[in-house]
Amino acid sequence: MLLPVSNSRRDLLSGSSPDAIAIELTSRCNLHCKMCRFWKRGDKDFPCEKVLSLLDEAYELGARRFDPWGTELFMRDDMPEILEYADRIGFRNINIVSNGLLLNRPELLDRLAKIRSLVITVSLDGPEAVHDELRGPGVFKQAVSSLRELGHRNLARGIASIIMRPTINHLDKIIDLAADLKIETLSLQPFNRNFLEPGCDETLFDFSPREEKMISKKLKYLLKYAKQKRVIIYTGSMMKHVASYLARGVNPIPPRGCRVPLKTLVVDIAGNTHPCFAVLRNMGNVNEMNLSSIWHGDVHRKAAVSAIERKCPGCLMACSDVDGYDFGIMNNFRRMTDRTAGRLSRHIERRFQTLRDFFVHAGK
Ligand code: SF4
Ligand code: SF4
38 MLLPVSNSRR DLLSGSSPDA IAIELTSRCN LHCKMCRFWK RGDKDFPCEK
88 VLSLLDEAYE LGARRFDPWG TELFMRDDMP EILEYADRIG FRNINIVSNG
138 LLLNRPELLD RLAKIRSLVI TVSLDGPEAV HDELRGPGVF KQAVSSLREL
188 GHRNLARGIA SIIMRPTINH LDKIIDLAAD LKIETLSLQP FNRNFLEPGC
238 DETLFDFSPR EEKMISKKLK YLLKYAKQKR VIIYTGSMMK HVASYLARGV
288 NPIPPRGCRV PLKTLVVDIA GNTHPCFAVL RNMGNVNEMN LSSIWHGDVH
338 RKAAVSAIER KCPGCLMACS DVDGYDFGIM NNFRRMTDRT AGRLSRHIER
388 RFQTLRDFFV HAGK
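Basically the working numbering = 1-based index in the sequence shown + 37.
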């Protein structure tokens with residue numbers, strides 16, 4: 038039920054603009070991973086022209102981050118065109134998650150390498166045997182090879198891993214791999230039981246309440262180990278909530294409320310808009326309304342206030358308010374300096390790459 042909006046909350050929201058637009062671009066996938074049901078959703082793509090016009094509208098509204106989402110985004114042949122367009126009109130941060138299988142093509146990589154605002158995160162759930170058991174034979178090698186190629190072209194890269202029963206004892210190997218590949222950020226994300234096919238045996242992936250202490254201990258160890266290896270755990274601030282979430286299904290909300298609905302506009306493949314990835318309430322369809330009326334509409338305002346007042350259902354997704362769990366001044370300062378240092382080093386690497394390319398070309 039939507040809650041009444043107080044005057045002060047109305048003031049807080051007036052004149053707000055989104056930081057990000059997240060558009061579901063495809064429901065096609067080239068894998069049939071055991072812990073996921075989304076590859077069964079059919080083979081739809083969000084029409085390219087509509088994506089481009091939504092990007093224009095979102096930019097006008099103030100968004101500077103673009104989070105394409107869906108199943109395997111590189112199933113779309115026009116993916117580079119969409120990303121280039123977003124970069125060209127001024128989006129400063131474009132984040133893609135991929136299983137890595139279709140990335141390793143020289144022409145594609147050459148195009149992606151020119152998109153300066155792009156960050157590509159490849160899913161890796163464990164060492165080869167664990168990853169391939171979940172996702173299919175040969176997938177690990179191809180994903181790692183794509184990560185290497187992205188690195189050779191100085192593309193900003195990350196790894197995302199799911200914390201679940203088959204992986205929890207092996208995630209230190211992913212930290213080792215990130216360190217070896219000089220990948221600075223790893224996102225550890227708790228398994229989401231809503232991603233399973235109804236009727237699937239949840240105990241294969243999920244945990245029981247009596248395992249809470251064990252999960253907590255393992256995650257503490259992983260955080261410590263990542264620190265030793267100088268790998269940043271992007272979701273580190275959420276880790277203290279993961280054990281109760283996985284073992285008892287407790288859905289947390291950041292202590293000062295969740296700001297996702299205030300910052301992000303989520304559009305699904307049918308054009309319906311949502312306040313976040315976990316609340317599927319439709320705020321209006323982009324084929325019938327413009328983004329500005331949806332963003333400034335009552336349904337969005339009420340959902341945003343409900344999240345700020347900690348009255349939303351709560352969740353623990355990597356797309357939830359990760360910073361909202363990290364409210365200590367020193368923690369915020371540390372995360373800010375970590376990110377700035379990472380961005381700066383990527384910027385310098387790319388500049389040098391451009392100069393190297395120029396001199397190599399000039400010498401020919
Ligand atoms: S987890 Fe990702 S790669 Fe695997 S089937 Fe689901 S959408 Fe495809
Ligand atoms: S459900 Fe999750 S992402 Fe959505 S508003 Fe609540 S805490 Fe934030």
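We put the CB at the ideal spot given by N, CA and C, even for glycine.
All values derive from a computational prediction rather than experimental measurement.
- Where do the ends of the alpha helix (DSSP H) carrying Val-336 lie? 335-345
- Message: Tell me the DSSP secondary structure of Asp-162 in three-state form.
- Response: coil
- Drop a sphere of 10 angstroms on the beta-carbon of Leu-241, count the other beta-carbons inside from all chains shown, and report buried for 16 or more, exposed for fewer. exposed
- Task: State buried or exposed for Ser-183, treating a residue as buried only when at least 16 other CB atoms are found within 10 Å of its CB.
- Result: buried
- Message: Our contact map puts His-207 next to Val-167 with C-beta atoms below 8 Å; I'd like the distance itself, whole angstroms only.
- Response: 5 Å
- Helix, strand or coil at Pro-298 [DSSP, three-state]: helix
- Query: Is Leu-19 helix, strand or coil when you go by DSSP?
  - Reply: Residue 19 lies beyond the range of the chain shown here (38 to 401); nothing can be said about it.
- Compare the Cα-Cα distances from Pro-235 to each of Asn-191, Lys-71, Ala-340, Gly-188 and report the closest residue. Lys-71
- Query: Under a three-way DSSP split, which group does Asp-360 fall into?
  - Reply: helix
- Nearest to Ile-408 (by Cα), restricted to the options Tyr-282, Ser-224, Pro-292: Only positions 38 to 401 of the chain appear in this structure, which leaves residue 408 out of reach.
- Query: Got a sec: does ligand 2 put a non-hydrogen atom nearer than 8 Å to the Cβ of Pro-143?
  - Reply: Taken from the Cβ of Pro-143, every heavy atom of ligand 2 lies 8 Å or farther away.
- For ligand 2, any of its heavy atoms closer than 8 Å to the Cβ of Cys-356? Yes - ligand 2 has a heavy atom lying nearer than 8 Å to the Cβ of Cys-356.
- Message: Cutting at 6 Å between CB atoms, please list the residues of its own chain near Lys-210, excluding the five before and the five after it.
- Response: Pro-164
- Query: Which of helix, strand or coil does DSSP assign to Thr-240?
  - Reply: helix
- Where in the region 70-138 do unbroken runs of the beta strand (DSSP E), each at least 3 residues long, occur, reported from the N-terminal end onward? 102-107, 130-135
- Query: Taking the alpha-carbon positions, what's the Leu-451 to Ala-284 distance?
  - Reply: The displayed coordinates of the chain run from 38 to 401. Any statement about residue 451 would go beyond what the structure contains.
- Task: Report buried or exposed for Leu-317, applying the criterion of at least 16 other Cβ atoms within 10 angstroms of its Cβ.
- Result: exposed
- Within the same chain, show all residues whose beta-carbon is closer than 8 Å to that of Thr-272, passing over the 5 residues directly before and after it, in chain order. If we look at Thr-272 and ignore the five residues flanking it on each side, its Cβ neighbours are Ser-224, Leu-225, Gln-226, Ala-355, Val-359.
- Item | C-beta contact flag for Ile-331 and Met-320 at 9 Å | yes
- Query: Since Ser-198 is in the beta strand (DSSP E), which residue starts that stretch and which ends it?
  - Reply: Here the beta strand (DSSP E) through Ser-198 covers 193-200.
- Task: Consider the C-beta atom of Cys-237 and the heavy atoms of ligand 2; say whether any pair is separated by less than 8 Å.
- Result: Cys-237 Cβ: outside cutoff for every heavy atom of ligand 2.
- Message: Under 8 Å: does the beta carbon of Phe-75 sit that close to some heavy atom of ligand 1?
- Response: yes
- Query: Taking C-alpha atoms, which residue in Ile-270, Lys-255, Phe-128 lies nearest to Gly-195?
  - Reply: Ile-270
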